[in-house]
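Single-structure report; data block below.
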Amino acid sequence: MNSETGVREAPEPPTVRSARALFWVPVAVPVLIVALGAALMGGAVAAIARPPASVDSLCASAIEAKLAGRGHTDVEVAPSLRMTEADGARRVSGSVTSVDATGRVDYAELRCVVRGDGPSLRVVSARVSD
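Its first residue numbered 1, the sequence shown is counted upward by one per residue in the working numbering.
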């Protein structure tokens with residue numbers, strides 16, 4: 001209300017800037033929600049993704065592949081392998097069980113040599129002895 005005339009004034013129309021900002025809100029909010037959801041899903045996938053290869057896992061994979069190549073099935077490498085350092089390499093030893101082509105359960109000792117550091121690890125030798 002204007003004090004001089006006693007007449008109520010109409011509210012001023014919104015400015016172009018505030019109208020433009022209000023136009024983007026219905027678009028920006030869903031986009032932000034989708035982006036946040038994608039980031040959370042990416043983080044969850046990264047958290048449950050396979051960890052980098054370790055000396056134990058490389059040796060176990062090499063032994064499993066060697067025995068599978070000989071026709072063995074149900075290959076199970078012992079969960080606790082012994083590891084020693086020698087000549088700049090890591091030597092891994094332990095036990096492994098498998099089922100041979102005739103269906104007989106086979107118990108053996110494994111020995112692996114792994115060289116390298118960090119992500120460049122490689123199995124140099126993988127042997128199984130009865």
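Where is the CB? At the ideal position from N, CA and C, for every residue including glycine.
Can you tell me which of the three DSSP states L36 falls into? helix
Pick helix, strand or coil for L110, following the three-state DSSP scheme. Note: L110 maps to strand in three-state DSSP.
Buried versus exposed, by CB contacts within 10 Å (16 or more), L110: buried
Rounded to the nearest angstrom, what separates D100 and D74 at their Cα positions? 9 Å
Does the distance from the CB of L67 to the CB of V123 come in under 8 Å? no
Just the C-alpha distance for L36 and V25, rounded to the nearest angstrom, thanks. 16 Å
Between the C-alpha atoms of F23 and V29, what's the straight-line distance to the nearest angstrom? Going from the Cα of F23 to the Cα of V29 covers about 11 Å.
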